[in-house]
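Chemist: Using our numbering, the letters of the sequence shown correspond one by one to residues 1381 to 1673. All C-beta atoms, glycine included, are put in the ideal place defined by N, C-alpha and C. Nothing here was measured: the structure is a model prediction, and the numbers come from that model. Quick one: the structure is below, and I'll ask about it shortly.
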Amino acid sequence: MLSETTRKRLKESHAKRILLQFPEGLKTRCQAIADELTKEGYEVLIACEPNFGACDLRDQDALDLGCDVLLHIGHTAFGVQEKLPVIYEPYYIDKKLSLEKHLDALKPYRTIGLTSSVQFVAALEPAAVFLEQHGKTVTVLEPMLGCRPPKTAVDCYVFIGSGMFHPLGLAKAVDQPVFFLDVERNTLEDLTPQKTKQEKIRWASIAKAQDATNFGILVTTKPGQRSARAFAIKKELEAKEKKAWVLVFDQATPDKIAGLKLDALVNTMCPRLNEDTALFKKPILNPDDIDKL
Ligand code: SF4
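Take a look at the structure:
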C-alpha cells in the first residue's frame, strides 16, 4: 500500500503514466503497487534494472518512455538533479528490539552514536531511550547511505538494521568501533574484524596493481554515481607508464569486460565497488589510491 502522502502528490501531479522503481529487496511488492495504481487509472511501467540506491535514478528512462512521474520506492533523495518530477516513497520497517542482552558488549563505551538505514529509522528513538536509561549518552544520527556515513565524536557507533552493507560502510569510514545490531537475528557484532579484512583487501589490491600494465577506468551512466575524473585518472596512470582505457557501464559486471585485456581496474562509480575485487578477479582501486602505485 502506498502512503497517503504519495497518493496525494501523484494526484496533484496530474500524471497519466508512471515509471515505478524499486530496490532489489522490495521487488516482490512491485506488482501489487502497480495494480493499485492501475486501478486508480494510471498507466504503470515497472523498471526492472537492478537498483541499489537513489543514486541510480531512472529519470531519463521515465522521460524516454513518456512518463510524467518517476515513483522511486525505498530510498530518499540522493541529491541527483532530476529531469522530471520524482516522488520518493521510503519504506519503513518497525521492529521491536530487545537490547538487554547486548549491554555487556557495550559496557566499555560511555557515548554512543546510533544510526540505521532509512528503513529502520523508527527503531532509533526507542533504542536511544533504553541505552540512556542504562547510563549511556546517546547521539541519534541521520539514517545513512552506504557511501555517506554520519560521523560524530562518540566512543562507539551502533548501527541498527539488516544486512552488512551499510554498517560495514560505516566501519570503514570511522575510527571508532562499530557494532551491527542485526534486527533479524537480534545479534550485536563488533565489525572491527571485517574492517581489518577490507583494509587487507585494499592494500593487496594496491600491491597487485603496482605490477599491472593495463588498467580499465570504470565509469557509469547512473546519474548519482557519475564522475568527471576519468581522464585525469588516465593521465595520472599514463604518467606512471601504465596503459588505461575509460570503460562506460550502467552496472559494471565481470562478464562485460571478459574479452578485454586488463590487469587492474580503477573505480569512479559507487565507491563500494572495490569490495567486489574477488568477483572481478582483478584488483580494483578507488581513485585516491592511485598515488600509492
Ligand atoms: S553506496 Fe553506492 S549504491 Fe549506495 S547510495 Fe552510495 S553510490 Fe549509491
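Looking at the structure shown, is residue 1351 part of a helix, part of a strand, or coil, going by DSSP?
Modeler: Outside the displayed range of the chain (1381 to 1673) lies residue 1351, so it cannot be described from this structure.
Chemist: Which residue from 1448, 1484, 1502, 1627 puts its Cα closest to that of residue 1516?
Modeler: For residue 1516, the nearest C-alpha among the options comes from 1484.
Chemist: Is the closest heavy atom of ligand 1 to the C-beta of residue 1526 under 6 Å?
Modeler: Indeed, a heavy atom of ligand 1 lies less than 6 Å from the Cβ.
Chemist: Go through its chain and collect everything with a Cβ distance to residue 1474's Cβ below 6 Å, but skip five positions before and after it.
Modeler: Excluding positions up to five away in sequence, the list reads 1502.
Chemist: Comparing C-alpha positions only, which one of 1481, 1626, 1471, 1519 sits nearest to residue 1500?
Modeler: Of the candidates 1481, 1626, 1471, 1519, the one whose C-alpha sits nearest the C-alpha of residue 1500 is 1471.
Chemist: State the start and end residues of the unbroken beta strand (DSSP E) segment that holds residue 1586.
Modeler: First-last for residue 1586: 1572 to 1590, but that is the alpha helix (DSSP H), not the beta strand (DSSP E).
Chemist: Is it the case that the CB of residue 1595 approaches a heavy atom of ligand 1 more closely than 6 Å?
Modeler: Answer for residue 1595: no, Cβ out of range of ligand 1.
Chemist: Considering only heavy atoms of ligand 3, does any lie closer than 6 Å to the CB of residue 1500?
Modeler: For the structure depicted, ligand 3 is absent and the ligand set comprises only ligand 1.
Chemist: Which residue marks the beginning of the beta strand (DSSP E) containing residue 1623, and which one marks its end?
Modeler: Run containing residue 1623: 1623 to 1629, per the beta strand (DSSP E) assignment.
Chemist: Helix, strand or coil: how does DSSP classify residue 1528 here?
Modeler: Three-state result, residue 1528: strand.
Chemist: Return the first residue and the last residue of the beta strand (DSSP E) that residue 1597 is part of.
Modeler: Counting along the chain, the beta strand (DSSP E) containing residue 1597 begins and ends at 1594 to 1600.
Chemist: Using a threshold of 7 Å, state whether the C-beta atoms of residue 1486 and residue 1451 are closer than that.
Modeler: Not closer than 7 Å, so no.
Chemist: Can you name the start and end residues of the alpha helix (DSSP H) that residue 1509 belongs to?
Modeler: Residue 1509 -> alpha helix (DSSP H) spans 1504 to 1513.
Chemist: Are residue 1604 and residue 1466 closer than 7 Å when you measure CB to CB?
Modeler: No. Outside cutoff.
Chemist: Is DSSP giving residue 1433 helix, strand or coil here?
Modeler: Looking at residue 1433 - three-state DSSP - the assignment turns out to be coil, as it is neither helix nor strand.
Chemist: What's the C-alpha gap between residue 1386 and residue 1409?
Modeler: Computed Cα separation, rounded: 16 Å.
Chemist: Using three-state DSSP, classify residue 1385 as helix, strand or coil.
Modeler: Looking at residue 1385 - three-state DSSP - the assignment turns out to be helix.
Chemist: Using only alpha-carbon positions, find the residue among 1438, 1455, 1539, 1548 that is nearest to residue 1652.
Modeler: Nearest C-alpha to residue 1652: 1548.
Chemist: Applying the 10 Å Cβ sphere with the 16-neighbour rule, what's the burial state of residue 1628?
Modeler: Residue 1628 is exposed by the Cβ-count criterion.
Chemist: Measuring CB to CB, does residue 1669 end up less than 7 Å from residue 1613?
Modeler: Not closer than 7 Å, so no.
Chemist: Would you identify the three-state DSSP class for residue 1401, choosing helix, strand or coil?
Modeler: Here residue 1401 sits in strand by DSSP.
Chemist: Quick check on the DSSP output: what are the complete beta strand (DSSP E) runs of length 3 or more inside the stretch 1435 to 1506, in order along the chain?
Modeler: Here the runs fully enclosed are 1449 to 1453, 1466 to 1469, 1491 to 1496.
Chemist: Look up residue 1643 in the DSSP assignment and say whether it is helix, strand or coil.
Modeler: If DSSP states are grouped into helix, strand and coil, residue 1643 belongs with coil.
Chemist: Less than 7 Å separating the beta-carbons of residue 1581 and residue 1534?
Modeler: It is not a contact, given that the beta carbons lie outside the stated cut-off.
Chemist: I need the straight-line Cα distance from residue 1462 to residue 1446, nearest angstrom please.
Modeler: Taking the straight line from one Cα to the other gives about 15 Å.
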